[in-house]
Each structure stands twice: as structure tokens, then as C-alpha cells.
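Novice: The structure under discussion is supplied below as C-alpha cells; questions concerning it will follow.
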Amino acid sequence: MKGLRATQKPGTVVAHVVLIKRLAAVAPALTCDWPSEDPWPGRSARQVAHYAGQRELATKAISPEIWFPLIRAAWAYVHTFAPDILRAVGRRDELLAAVSPSILGRHAEVEAWLANTANKIPVHAAPREDGQPRVNWLLLDLLVGLRSQPTYSLVKSSRHKSRVLRVVAEGRTTTQGLVDGLAQVSRPDGTVGPWHPGIGPQHLFNLTVALRNAAFVLVAGLSMMRDSEIHAITRGNVVEHYNSPAIASIEEKGDPSSPRKHWWIIEPVAEAITVAEAVSPHAERVFAPLARPHVSETVDGAEMTAAFIAFVNAARGWTGLEEIPAGAARPHMFRRTMAMLTDQFPGSEIALGIQLKHAATRALANRVTQGYAASDPSWSKHLESAIDAARFRRIKDLYQAHKNGHPVGFGPGAAQISKAFDEIQESVAARGGDARVEESLLRKARITIRFGTLNHCLFDPNNPVGAVCLEHATIPAGHTGPLEERCRPDRCRNSLIGAEHIPIYDAHRRTQLAVLQTPNLPACRQALIRRELERVEAVLDTIPKEPR
Numbered sequence: 001m002k003g004l005r006a007t008q009k010p011g012t013v014v015a016h017v018v019l020i021k022r023l024a025a026v027a028p029a030l031t032c033d034w035p036s037e038d039p040w041p042g043r044s045a046r047q048v049a050h051y052a053g054q055r056e057l058a059t060k061a062i063s064p065e066i067w068f069p070l071i072r073a074a075w076a077y078v079h080t081f082a083p084d085i086l087r088a089v090g091r092r093d094e095l096l097a098a099v100s101p102s103i104l105g106r107h108a109e110v111e112a113w114l115a116n117t118a119n120k121i122p123v124h125a126a127p128r129e130d131g132q133p134r135v136n137w138l139l140l141d142l143l144v145g146l147r148s149q150p151t152y153s154l155v156k157s158s159r160h161k162s163r164v165l166r167v168v169a170e171g172r173t174t175t176q177g178l179v180d181g182l183a184q185v186s187r188p189d190g191t192v193g194p195w196h197p198g199i200g201p202q203h204l205f206n207l208t209v210a211l212r213n214a215a216f217v218l219v220a221g222l223s224m225m226r227d228s229e230i231h232a233i234t235r236g237n238v239v240e241h242y243n244s245p246a247i248a249s250i251e252e253k254g255d256p257s258s259p260r261k262h263w264w265i266i267e268p269v270a271e272a273i274t275v276a277e278a279v280s281p282h283a284e285r286v287f288a289p290l291a292r293p294h295v296s297e298t299v300d301g302a303e304m305t306a307a308f309i310a311f312v313n314a315a316r317g318w319t320g321l322e323e324i325p326a327g328a329a330r331p332h333m334f335r336r337t338m339a340m341l342t343d344q345f346p347g348s349e350i351a352l353g354i355q356l357k358h359a360a361t362r363a364l365a366n367r368v369t370q371g372y373a374a375s376d377p378s379w380s381k382h383l384e385s386a387i388d389a390a391r392f393r394r395i396k397d398l399y400q401a402h403k404n405g406h407p408v409g410f411g412p413g414a415a416q417i418s419k420a421f422d423e424i425q426e427s428v429a430a431r432g433g434d435a436r437v438e439e440s441l442l443r444k445a446r447i448t449i450r451f452g453t454l455n456h457c458l459f460d461p462n463n464p465v466g467a468v469c470l471e472h473a474t475i476p477a478g479h480t481g482p483l484e485e486r487c488r489p490d491r492c493r494n495s496l497i498g499a500e501h502i503p504i505y506d507a508h509r510r511t512q513l514a515v516l517q518t519p520n521l522p523a524c525r526q527a528l529i530r531r532e533l534e535r536v537e538a539v540l541d542t543i544p545k546e547p548r
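Take a look at the structure:
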């Protein structure tokens with residue numbers, strides 16, 4: 001075991017120790033001669049392996065420089081470009097249904113089509129080196145009713161080819177492709193135009209592959225599903241689960257017999273799966289190889305992501321999408337990144353435990369959940385800026401409400417923030433300033449406020465006097481700010497109760513009163529409920545009767 005510890009990671013050593021301990025436990029049932037005594041009595045596998053059980057995951061988050069342009073590009077293909085691509089597929093199939101396998105006996109029809117001035121010769125957007133148009137022979141064959149084949153194509157007939165080139169010389173050409181009216185996009189160079197130069201039959205395979213890959217990126221990025229779980233999605237798996245849209249799939253992590261479970265999703269993910277279903281040739285599976293419709297093999301998630309990034313970057317000149325820089329972006333990293341972003345919201349640990357499908361005995365989340373949600377250095381600056389910007393927007397909303405004569409909130413904290421707003425208004429009036437001066441003063445005021453689910457906290461780290469959460473508390477080394485788990489909105493001078501909090505406290509009060517009516521309720525339980533009611537009533541007493 002010492003040699004194993006020297007060459008393997010502690011987690012791997014734990015697995016070996018567990019196996020040896022289990023073999024010792026079932027030794028009497030084994031046909032071979034195996035010792036029935038535990039080699040490490042009284043010691044757990046973690047202790048034997050010297051495994052400290054660190055919370056850090058080896059999986060890194062996708063850097064924000066890659067994450068944002070990648071997700072935006074995937075959404076653009078799924079939401080903006082997909083309708084055009086699917087229309088082109090439908091038009092291609094419609095033309096194929098009417099084609100003839102041979103030009104024999106159809107020369108007159110072809111000549112009539114070419115002679116009709118309403119018909120234009122399809123050409124590629126990029127001309128030849130000499131500046132002359134390049135005929136899109138594949139699309140032209142379809143338009144005149146021919147299945148383009150090496151021996152039966154207009155380009156193989158010298159008579160028809162020369163006739164086509166004469167029409168082109170007359171200027172009767174179009175770059176439209178299979179369909180017109182493509183979505184318009186704004187490009188970095190300031191131009192506005194269609195996102196594609198003209199969708200032809202030769203483009204459809206790569207475009208449908210890009211759609212499938214874009215859908216995979218969105219599902220992986222926004223659902224927190226494992227790669228194997230995404231591949232287990234079948235047609236019709238977008239369902240309603242507890243009145244919210246969800247994906248029903250198999251939770252697989254080395255065990256294909258795992259039960260069917262649900263992952264809550266947002267509308268863009270549901271749209272992505274719908275698009276993936278539309279381009280999938282497989283009878284059941286959504287994410288399947290497009291060139292081999294009858295096989296059941298899976299497509300590598302990392303390869304789909306890499307191929308999509310390369311495709312997006314190659315087409316940026318027309319699509320106007322941002323360049324996706326080089327870097328790691330694999331399916332398990334999507335899961336880690338979204339978990340980290342979700343952790344920025346209050347009460348997220350339980351939600352993450354449910355969505356990540358982490359088995360736990362404590363509050364539906366476990367140590368692994370905390371590892372997934374841990375902050376990543378590459379995101380720290382971005383998240384700090386985003387949180388500051390969101391906080392300032394809410395402060396501006398409170399300031400505007402104060403200017404309009406509406407209460408910013410209730411409780412001791414309301415008086416503090418109202419006083420700060422009054423001082424800003426007085427300064428603006430004294431300077432004769434406008435909205436720009438007002439916003440500048442609002443930023444310089446540096447109002448410290450933490451917006452929360454049950455109240456807002458005005459804790460000032462430079463003047464923490466009066467913060468109830470710090471009274472008689474043991475403050476962890478290196479900790480700054482309030483101790484949120486000891487928050488007392490009913491007593492603290494820093495507590496601000498907003499209008500959005502009132503229904504929560506009102507509902508909590510009614511719930512506690514209903515529980516108090518339970519027959520044969522133990523005295524200790526009654527005392528606990530009454531104490532909780534006193535705290536809730538203390539909060540509600542700070543609010544005028546009208547809003548309640």
C-alpha cells in the first residue's frame with residue numbers, strides 16, 4: 001500500500017482499500033483462500049489512503065473569454081440561424097422528390113427552364129479568380145429537376161453548359177441559394193446583411209452538423225447534465241416536472257441501469273433540443289451521427305464542441321459572431337462552470353445538489369456539490385464586476401423610488417439609506433446638477449448594501465457597531481463582512497425590509513400560527529414556534545398596516 005500511495009492519487013488508493021476490505025468481509029463465501037480479517041481494523045479507507053477529502057475539484061471552469069462568445073454563438077445558431085437552415089433542408093427535400101435520375105428525354109424541359117427569363121442561374125457568392133461568376137452546378141441541377149451525378153449533370157453536357165454560361169454572361173444570376181430572406185446580422189465591420197452568402201445543397205450537411213453541435217453546447221452549458229446523460233436524451237424527452245420544463249433522461253455515471261431522472265431547464269435549452277430533434281436522422285436519439293442514421297454509437301461531446309468552435313470562427317465574416325479564442329472547453333467543464341455561476345445566488349447549494357444529481361444525506365447536496373460551486377480564479381474579476389454592476393442597478397432603483405416619494409423599505413436600515421439618499425439630493429440641488437451628476441454622486445457615496453431573500457443588509461465594514469450577527473460571535477480567521485447565518489432582521493440596525501420581503505414574512509407568520517393549532521403539540525415545540533412568531537411579528541411591526 002505504501003508503494004501505491006507513492007504512485008497513485010489518494011482517491012485511487014481509497015478504491016483499492018475499499019475493495020480489499022470488502023473481499024475480507026465476504027471471504028467465507030469465496031472459493032479461493034482469502035484472509036477474513038480486515039488488514040486495517042478500526043481504520044476507514046480514507047484514513048488508510050491518507051485522503052484528506054479536499055473539496056477542490058480537478059475540473060476547471062471554462063474561462064469567461066471562451067464561455068460568453070461560445071454560448072452566444074450556440075444560441076445564435078439555434079435561435080436565429082436554425083429556421084433558415086431547416087427551411088433550406090425542406091426545400092432541398094422538396095426538389096429531390098421531383099428530380100429525374102437521367103437527363104434523357106428531358107432536354108426540352110431543361111432548355112425551356114433556361115429560356116425563361118424569370119429563372120436565374122444560381123452562382124456562388126465568391127467569384128472566380130478572373131472575377132467571373134462561379135455557377136453553382138449542384139443547385140442548378142436540382143432546380144431543373146436533375147439528380148446531380150457524374151454522368152448526368154448539366155456541366156457534363158457541352159450543349160447545356162455553353163447555354164448556361166451564355167445566360168450567366170447576360171447577367172441573369174442570383175446568389176440566393178435554396179431559400180431567400182435569410183436572417184440579417186450586424187458584423188464587426190459595421191455592415192448589415194444575411195448571415196450566410198447563400199445556402200446551397202453542398203452546405204447543408206455542415207450546417208446541420210453545426211446545428212446539432214450548437215444544441216449540444218447549449219444543453220451542456222445550461223443544464224449541468226453529464227455528457228453521457230445528454231447522449232441518453234431521446235425524442236419527446238422535454239416534459240413538465242413540478243410545473244416547470246425539464247429533460248427526462250437517464251442518470252449515467254458508469255451505470256447504464258440507472259433510473260430515469262429529471263433536469264430542470266430554461267426555454268433556450270428546450271428550443272435547442274427541439275432543433276437537435278429536427279436534424280437528427282436517428283429514430284430515437286437526439287444527438288446522433290448525421291452521416292450514419294442507423295447506428296447507435298454516440299458522438300464524442302468534446303469533438304462536437306471543438307468542431308462547433310472551429311466552424312463558428314471560420315464563418316465569422318458572414319455571421320458577425322465574436323471570435324471564440326483557443327482554450328479548453330469540454331463537456332464536464334460546462335457542468336462545472338454553470339454550477340459556479342449558479343452559486344452566486346442565495347440558497348443555491350440545494351438547487352445545485354438536485355440539478356447535479358449528487359447523492360447526499362444532508363440537504364440534497366454534498367461535498368462534491370461544494371467543489372463544483374467553488375469559485376474559479378479566471379472568473380473572479382468578471383463576477384466581481386458583474387455583481388457590483390447588478391448591485392448598483394438595484395441601488396439606482398431604490399434611489400429613484402425615494403425621489404418619487406415611495407418608501408425604500410422598512411426597518412432601521414430604511415432610515416440609514418434614506419438619509420444617504422437625502423444627502424445626495426441636497427448635493428445635486430446645490431450644484432444644479434443633472435442625472436449624470438446624480439449618478440456620479442450615487443457611485444461615490446459607496447452605499448454598502450447586500451441584497452438578500454429575507455432582507456437587505458447595510459453592514460458597513462468600516463463601522464460594524466450594532467451588527468447583531470457579530471455580537472458574542474467567534475469570527476473565523478480571515479473573515480470579513482457579516483455572518484449571514486446569524487442574521488436577525490428583527491433586531492439588527494442594519495436590516496432593511498423591502499416590499500418584496502413582506503409576503504414571505506406574512507406567509508411564514510400564517511404557517512407558524514397554523515402549526516401552533518396542531519393538537520398535542522409538545523410544550524417545547526410550542527415555545528419554539530412562539531419565539532419564531534415573536535421574531536416575525538417584530539419584523540412585520542416595522543411595516544405600516546397599508547402595505548400588509
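For the sequence shown, the numbering used here gives the first residue as 1, with consecutive numbering after it. Don't be surprised by glycine CBs; every beta carbon is placed ideally from N, CA and C.
1. Classify Ala-15 as buried or exposed, calling it buried when 16 or more other Cβ atoms lie within 10 Å of its own Cβ.
2. Just the C-alpha distance for Ala-507 and Cys-524, rounded to the nearest angstrom, thanks.
3. Name the two residues that bound the continuous beta strand (DSSP E) containing Glu-240.
4. According to DSSP, is His-203 part of a helix, a strand, or is it coil?
5. Beta-carbon within less than 8 Å of Ala-583's beta-carbon, same chain only, minus the 5 sequence neighbours each way: which residues are those?
6. With distance defined between alpha-carbon atoms, name the residue in Tyr-505, Ser-280, Leu-454, Ala-6 nearest to Arg-486.
7. Among Leu-441, Ala-401, Leu-321, Gly-411, which one has its Cα closest to the Cα of Gly-190?
8. Is it right to say Asn-494 is buried, meaning 16 or more other beta carbons lie within 10 angstroms of its own, or is it exposed?
9. What does a CB cutoff of less than 7 Å around Gln-416 pick up in its chain, not counting 5 residues either side in sequence?
10. When DSSP builds the beta bridges, which residues end up paired with Gly-11?
11. Looking only at its own chain, which residues have a Cβ that is under 7 Å from the Cβ of Asn-520, when we skip the five neighbours before and after it?
12. At the level of alpha carbons, what is the spacing between Pro-522 and Ile-529?
13. Among Ala-514, Ala-210, Asn-404, which residue has its Cα nearest to the Cα of His-79?
14. Three Cβ pairs or more, each shorter than 8 Å: is that satisfied between the segment 325 to 342 and the segment 221 to 228?
15. Let's test the definition: count the other Cβ atoms within 10 Å of the Cβ of Pro-28 and tell me whether it reaches 16, buried, or not, exposed.
16. Assign Leu-139 to one of two classes, buried (16 or more other C-beta atoms within 10 Å of its C-beta) or exposed (fewer than that).
17. I need the DSSP call for His-418, collapsed to helix, strand or coil.
18. Counting pairs of beta carbons, one from the segment 398 to 418 and one from the segment 497 to 507, are three or more of them closer than 8 Å?
19. Quickly, what does DSSP pair Leu-496 with across the bridge? List them, please.
20. Does any C-beta atom of chain D lie closer than 8 Å to the C-beta of Ala-118?
21. Could you check which residue in Lys-396, Val-168, Val-179 has the C-alpha nearest to that of Gln-425?
22. Less than 8 Å between the C-beta atoms of Ala-302 and Arg-285, yes or no?
23. Consult DSSP for Ala-45 and reduce its assignment to one of helix, strand or coil.
24. Any heavy atom of the ligand GDP closer than 7 Å to the beta-carbon of Pro-293?
25. At what residues does the beta strand (DSSP E) containing Gly-193 begin and finish?
26. Identify, in the order they occur along the chain, each residue of the same chain with its Cβ nearer than 6 Å to the Cβ of Arg-87, setting aside the five sequence neighbours on each side.
27. What's the gap between the Cα of Asn-213 and the Cα of Ile-71?
Specialist: Short version:
1. By the 10 Å Cβ count, Ala-15 comes out exposed.
2. Each residue's Cα considered, the two are about 23 Å apart.
3. Residues 238 to 241.
4. It is helical.
5. Because the chain here runs from 1 to 548, residue 583 falls outside it and cannot be looked at.
6. It is Leu-454.
7. Relative to Gly-190, the option among Leu-441, Ala-401, Leu-321, Gly-411 whose CA is nearest is Leu-321.
8. Burial call: buried.
9. Excluding five sequence positions before and after Gln-416, the CB atoms of its chain that fall closer than 7 Å to its own CB belong to Leu-458, given in chain order.
10. As far as DSSP is concerned, Gly-11 takes part in no beta bridge.
11. Cβ within range, chain order: n/a, list empty.
12. Answer to the nearest angstrom: the Cα atoms are 11 Å apart.
13. The residue from Ala-514, Ala-210, Asn-404 with its alpha-carbon nearest to that of His-79 is Ala-210.
14. Judged by Cβ distances under 8 Å, the segment 325 to 342 makes contact with the segment 221 to 228, as three or more pairs qualify.
15. Result: exposed.
16. Here Leu-139 is buried, its C-beta having at least 16 other C-beta atoms within 10 Å.
17. The question names His, yet the displayed sequence has Ser at residue 418. DSSP places Ser-418 in helix when its eight states are reduced to three.
18. Yes: at least three Cβ pairs fall under 8 Å.
19. According to DSSP, residue pairing for Leu-496 in a beta bridge involves His-456.
20. The chain labelled as chain D is not found in the depicted structure, where only one protein chain is given.
21. Scanning Lys-396, Val-168, Val-179 for the CA closest to the CA of Gln-425 turns up Lys-396.
22. Not closer than 8 Å, so no.
23. In the displayed model, Ala-45 falls within a helix according to three-state DSSP.
24. What this structure holds is no ligand at all, so the ligand GDP is not there to describe.
25. Per DSSP, Gly-193 belongs to the beta strand (DSSP E) from 192 to 194.
26. If we look at Arg-87 and ignore the five residues flanking it on each side, its Cβ neighbours are Val-179.
27. Between the alpha carbons of Asn-213 and Ile-71 lies a gap of roughly 12 Å.
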